[in-house]
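One structure is given here, and the rest of the page talks about it.
Residue numbers (mature numbering (1 follows the signal peptide of the UniProt record, and there is no 0)): -20 to -1, 1 to 175.
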């Protein structure tokens, strides 16, 4: 009997360790940036190479994401309005964002912390901490097949980064066809089992 109990406990531990990290491993996130007066300059699927997620109990509520913003990656979309940027432009874009925006934060330069603080039927509240300022942003979500897809809009100026944004906008004015929009679209998806 003792062997059966020990074997059962061992199997349970092995099974739980096999499933540990499923939500973290399957988390995908990105943001869309807009430029030009008519928002015709659109760069999608921007992300970060370095970020750490933590899914307590493998569920969305209270999940955290700690982002190293200096690891910005804009390589997925080389759109330039009616044309495409050369691949070398990725380095220029990444450096412009890091050096002329994120590095100019007065507090916690290079860091954005995210936490899901509330989940309802089709919406959730997501807390963002940037430049020492914390804001809760509403996200809408839907389940498509076995995937939860969520979207929200974040206004970077709500985080007291006016000087950094002015610098970034000035440096990128010609690249962004005259205007950099401070509101970005944020998207993420996880397996529906993580809800």
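Every residue gets a Cβ at the ideal spot worked out from N, C-alpha and C, and that includes glycine.
At what residues does the alpha helix (DSSP H) containing residue i begin and finish?
| i | result |
| --- | --- |
| residue 80 | 69 to 80 |
| residue 142 | 142 to 151 |
| residue 177 | A query on residue 177 cannot be resolved here, the shown segment of the chain reaching from -20 to 175 and no further. |
| residue 136 | Segment: none, residue 136 is in no alpha helix (DSSP H) and carries neither H nor E. |
| residue 2 | 2 to 6 |
Would you grab the beta carbon distance between residue i and residue j for me? Rounded to a whole angstrom, and I think it's under 8 angstroms.
| i | j | result |
| --- | --- | --- |
| residue 176 | residue 45 | Residue 176 lies beyond the range of the chain shown here (-20 to 175); nothing can be said about it. |
| residue 168 | residue 7 | 7 angstroms |
| residue 121 | residue 129 | 6 angstroms |
| residue 50 | residue 90 | 5 angstroms |
| residue 127 | residue 171 | 6 angstroms |
| residue 85 | residue 151 | Not quite, the Cβ-Cβ distance comes to about 16 angstroms (not below 8 angstroms), so this is no contact. |
Considering Cα atoms alone, identify which of the options is closest to residue i.
| i | options | result |
| --- | --- | --- |
| residue 143 | 154, 120, 83 and 68 | 83 |
| residue 110 | 135, 15, 156 and 61 | 135 |
| residue 9 | 21, 20, 22 and 52 | 52 |
| residue 62 | 72, 54 and 23 | 23 |
| residue 54 | 117, 29, 146 and 168 | 29 |
| residue 107 | 119, 60 and 100 | 119 |
| residue 103 | 152, 123, 1 and 47 | 123 |
| residue 92 | 57, 59, 72 and 47 | 47 |
| residue 43 | 25, 73, 105 and 145 | 105 |
| residue 162 | 138, 173, 175 and 174 | 138 |
| residue 25 | 164, 31 and 87 | 164 |
| residue 35 | 27, 2, 18 and 146 | 2 |
| residue 21 | 87, 125, 69 and 58 | 58 |
| residue 4 | 39, 160 and 147 | 39 |
Return the first residue and the last residue of the beta strand (DSSP E) that residue i is part of.
| i | result |
| --- | --- |
| residue 18 | Unbroken run through residue 18: none, as it is neither H nor E. |
| residue 170 | 163 to 171 |
Using 8 angstroms as the cut-off, can you tell me whether the segment 8 to 26 makes contact with the segment 147 to 162, which would need three or more C-beta pairs spanning the two stretches below that distance? yes
Counting pairs of Cβ atoms below 8 angstroms between the segment 62 to 79 and the segment 93 to 107, do you hit three or more? no
Please specify which runs of the beta strand (DSSP E), each continuous and at least 3 residues long, are wholly inside the segment 49 to 129, giving them in chain order. 91 to 99, 103 to 110 and 113 to 124
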